[in-house]
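These notes concern the structure reproduced below.
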Amino acid sequence: MAFFDLSIDELYQYKGSSEEPSDFDSFWLNTIKENNHKPEAKYNLIQTHLKFFDVFEVSFLGYNKHTINGWYIAPKNSDKLTCVVQYLGYGNGRDFPISHIVFPSAGYSVFVMETRGQGAEDGNGASTIDPEGYGVHADGFLTKGILDKNDYYYKRVFIDALKAIEAAKEHPSTDKIVINGSSQGGGIVLAACALSELSNIKIDAMIADVPFLCDYKRASTITDTLPYNEIVRYCKTNRDKENIVFNTLSYFDGAFFAKRAKAKALFSVGLMDILVPPSTVFAAYNNYAGEKSIEVYTFNGHEGGDNYHIEKKLDFLSRL
Numbered sequence: 001m002a003f004f005d006l007s008i009d010e011l012y013q014y015k016g017s018s019e020e021p022s023d024f025d026s027f028w029l030n031t032i033k034e035n036n037h038k039p040e041a042k043y044n045l046i047q048t049h050l051k052f053f054d055v056f057e058v059s060f061l062g063y064n065k066h067t068i069n070g071w072y073i074a075p076k077n078s079d080k081l082t083c084v085v086q087y088l089g090y091g092n093g094r095d096f097p098i099s100h101i102v103f104p105s106a107g108y109s110v111f112v113m114e115t116r117g118q119g120a121e122d123g124n125g126a127s128t129i130d131p132e133g134y135g136v137h138a139d140g141f142l143t144k145g146i147l148d149k150n151d152y153y154y155k156r157v158f159i160d161a162l163k164a165i166e167a168a169k170e171h172p173s174t175d176k177i178v179i180n181g182s183s184q185g186g187g188i189v190l191a192a193c194a195l196s197e198l199s200n201i202k203i204d205a206m207i208a209d210v211p212f213l214c215d216y217k218r219a220s221t222i223t224d225t226l227p228y229n230e231i232v233r234y235c236k237t238n239r240d241k242e243n244i245v246f247n248t249l250s251y252f253d254g255a256f257f258a259k260r261a262k263a264k265a266l267f268s269v270g271l272m273d274i275l276v277p278p279s280t281v282f283a284a285y286n287n288y289a290g291e292k293s294i295e296v297y298t299f300n301g302h303e304g305g306d307n308y309h310i311e312k313k314l315d316f317l318s319r320l
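Here the sequence shown stands for residues 1 to 320, where the numbers follow full-length UniProt numbering.
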């Protein structure tokens with residue numbers, strides 16, 4: 001794929017195409033208040049073939065006290081550790097523990113949160129359901145509940161993500177907290193980082209790789225690939241709903257969450273990424289309120305820096 005977006009100089013100036021809702025903060029503060037319950041995390045140690053790691057099946061109470069499942073993996077018999085809370089890519093399940101041993105191999109614990117309702121197609125399956133669903137929507141998750149911000153799918157996911165941080169903090173081995181994710185996971189990171197600020201919950205750093213869920217209007221008009229094309233499909237059929245759709249999405253825009261996020265941050269972007277256009281990543285990066293850096297992978301698409309970037313992330317973590 002050749003370059004198709006703004007020039008690199010323009011990318012570093014771009015801050016998004018949508019107007020922030022005047023009640024953005026009050027909407028999220030009310031949502032947090034409505035979900036002020038404890039996560040009541042349960043850690044069940046299980047036997048695996050991973051001889052050098054302790055592996056726990058995890059469950060906790062997310063949005064509206066719905067049960068969210070995941071993994072907690074740490075070096076065996078470890079004491080206080082930095083915990084990396086891991087959010088997953090679009091459609092992925094939590095997979096097997098062996099898929100999440102990079103951070104534990106480097107001396108960190110990892111708390112993997114399943115994304116409600118996802119995982120039937122990728123990631124070797126999943127077990128967290130989404131008990132709520134509203135109205136007609138295009139295939140996928142981007143338009144689920146799209147006609148009302150209070151019913152929108154990612155409202156539930158983002159509160160789940162906040163509760164995952166609280167659940168990770170409940171583990172006795174947890175010291176510092178870092179939140180990490182790629183693509184959809186990166187978009188969830190931006191939301192969770194901002195909601196942590198609004199909730200006065202401390203996190204020490206965040207890592208957002210090629211973050212999805214930013215600057216929806218531009219994304220859905222500059223690329224015709226999925227998942228953003230779900231929005232196009234919906235609006236193509238529901239011609240009179242366009243304004244409602246993008247008004248709802250404005251409450252879930254990573255570029256607006258970024259303005260409220262202050263933890264030390266590492267971003268990444270692929271300049272040939274047709275799934276998550278680079279300008280949408282820079283909309284979040286340029287708005288980010290905290291100390292930040294970005295790794296730019298000029299000739300890469302949605303894979304970004306791949307394993308090369310994992311080394312960058314481990315270096316970032318080592319300097320916290």
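For every residue, glycine included, the Cβ atom is placed at its ideal position computed from N, Cα and C.
This one's a predicted model, so the numbers in the text were calculated from it and none came from an experiment.
**OP:** Could you tell me the boundaries of the alpha helix (DSSP H) in which S182 lies?
**Re:** For S182, there is no enclosing alpha helix (DSSP H); the enclosing beta strand (DSSP E) covers residues 174-182.
**OP:** Mind checking who I68 pairs with in its DSSP beta bridge?
**Re:** According to DSSP, which records beta bridges pairwise, I68 is partnered with F60.
Original post:
Identify the residues that DSSP records as bridge partners of S109: which are they?
Top reply: S109 is bridged to C83.
**OP:** Taking the CB atoms as reference points, tell me whether K169 and I159 lie closer together than 9 Å.
**Re:** Going by C-beta atoms, K169 is not nearer than 9 Å to I159.
Original post:
Ordered along the chain, which non-local residues of its own chain (more than five positions away) have a Cβ less than 6 Å from that of N180?
Top reply: If we look at N180 and ignore the five residues flanking it on each side, its Cβ neighbours are V84, Q86, I207.
Original post:
Where in the region 210-277 do unbroken runs of the beta strand (DSSP E), each at least 3 residues long, occur, reported from the N-terminal end onward?
Top reply: With a minimum length of 3 residues, the continuous beta strand (DSSP E) runs that stay inside the region 210-277 are 264-270.
**OP:** Look at the alpha carbon of G270 and the alpha carbon of K149, and state the distance between them as a whole number of angstroms.
**Re:** Put simply, the backbone Cα of G270 is about 30 Å away from that of K149.
**OP:** Consult DSSP for K33 and reduce its assignment to one of helix, strand or coil.
**Re:** It is helical.
Original post:
In or out: G320 buried (at least 16 other Cβ within 10 Å) or exposed?
Top reply: The sequence shown places Leu at residue 320, rather than the Gly named in the question. By the 10 Å Cβ count, L320 comes out exposed.
Original post:
Out of A191, Y90, F282, W71, which has the shortest C-alpha to C-alpha gap to S7?
Top reply: Cα-wise, what sits closest to S7 is F282.
Original post:
D175 to A263, Cα distance in whole Å?
Top reply: For D175 and A263, the gap between their C-alpha atoms comes out near 16 Å.
**OP:** Could you pull the start and end residues of the beta strand (DSSP E) that S7 belongs to?
**Re:** S7: not part of any beta strand (DSSP E); DSSP gives it neither H nor E.
**OP:** Alpha carbon to alpha carbon, how far is S59 from G254? Give it in angstroms, no decimals.
**Re:** One C-alpha to the other measures close to 26 Å.
Subject >> Contact belief for F72 with F56 at Cβ below 8 Å, rounded distance in angstroms >> reply: One detail in the question is off: residue 72 reads as Tyr in this sequence, not Phe. Cβ-Cβ separation between Y72 and F56: approximately 4 Å, consistent with a contact (criterion under 8 Å).
Subject >> Buried or exposed by the 16-neighbour rule on C-beta atoms within 10 Å, applied to I98 >> reply: Exposed, since its Cβ has fewer than 16 Cβ neighbours within 10 Å.
**OP:** Report all residues from its chain with a CB closer than 6 Å to the CB of G164; omit the five preceding and five following residues, and keep chain order.
**Re:** The sequence shown places Ala at residue 164, rather than the Gly named in the question. Same-chain partners within the cutoff: V85, M113.
Original post:
Considering only the beta carbon of each residue, do D209 and G304 sit closer than 9 Å?
Top reply: Yes; because the gap between Cβ atoms is below 9 Å, this pair is in contact.
**OP:** With a 10 Å radius around its C-beta and 16 neighbouring C-beta atoms as the bar for buried, classify L45 as buried or exposed.
**Re:** Note on L45: under 16 other CB atoms within 10 angstroms of its CB, so exposed under the neighbour-count rule.
Original post:
Pick from E291, L61, L147: whose alpha carbon is nearest that of D130?
Top reply: Comparing Cα-Cα distances from D130 to each of E291, L61, L147, the minimum goes to L61.
Original post:
Between F27 and Y297, which are expected to be in contact by the criterion C-beta below 8 Å, what is the C-beta distance as a whole number of angstroms?
Top reply: That pair is no contact at about 34 Å.
Subject >> Cβ neighbours of L266 in the same chain (closer than 8 Å, five flanking residues each side left out) >> reply: Hits under 8 Å: A205, M206, I207, A208, K292, S293, I294, E295, K312, K313, F316.
Original post:
Where A41 and R239 are concerned, what is the direct C-alpha to C-alpha distance, given to the nearest angstrom?
Top reply: Going from the Cα of A41 to the Cα of R239 covers about 44 Å.
Original post:
Helix, strand or coil: which one does DSSP assign to P131?
Top reply: Note: P131 maps to coil in three-state DSSP.
Original post:
Can you list, in chain order, the residues of its chain whose CB lies under 6 Å from that of Q184, leaving out five sequence neighbours each side?
Top reply: So the list reads G89, Y90, F212, once near-sequence residues are dropped.
**OP:** Could you tell me the distance, in whole angstroms, from the CA atom of A106 to the CA atom of S318?
**Re:** Approximately 9 Å between the Cα atoms of the pair.
Subject >> P39 versus N69, Q13, E19, N30, residue with shortest Cα-Cα distance >> reply: When each option's Cα is compared against that of P39, the closest is N69.
Original post:
Quick one, which of F4, F96, V110 has its alpha-carbon nearest T48's?
Top reply: When only C-alpha atoms are compared, the closest one is F96.
Original post:
In the DSSP assignment, what residue or residues form a beta bridge with I46?
Top reply: Paired residue(s): V55.
Original post:
Would DSSP call K155 helix, strand or coil?
Top reply: Under the three-state reduction of DSSP output, K155 falls in the helix class.
Subject >> Cα-Cα separation between F257 and N200, rounded to whole angstroms >> reply: Cα to Cα, F257 sits roughly 15 Å from N200.
**OP:** Please classify Y153: is it buried, with 16 or more other beta-carbons within 10 angstroms of its beta-carbon, or exposed?
**Re:** So Y153 ends up on the buried side.
**OP:** Out of V110, A126, R156, T143, state which residue places its alpha-carbon closest to the alpha-carbon of E132.
**Re:** Distances from the alpha-carbon of E132 to those of V110, A126, R156, T143 put R156 closest.
Original post:
What residues are listed by DSSP as bridge partners for A74?
Top reply: Its beta-bridge partners are D54.
Original post:
Do you know whose CA, among Y63, G117, L162, P104, lies nearest K144's CA?
Top reply: Out of Y63, G117, L162, P104, the CA that lies nearest to the CA of K144 is found in G117.
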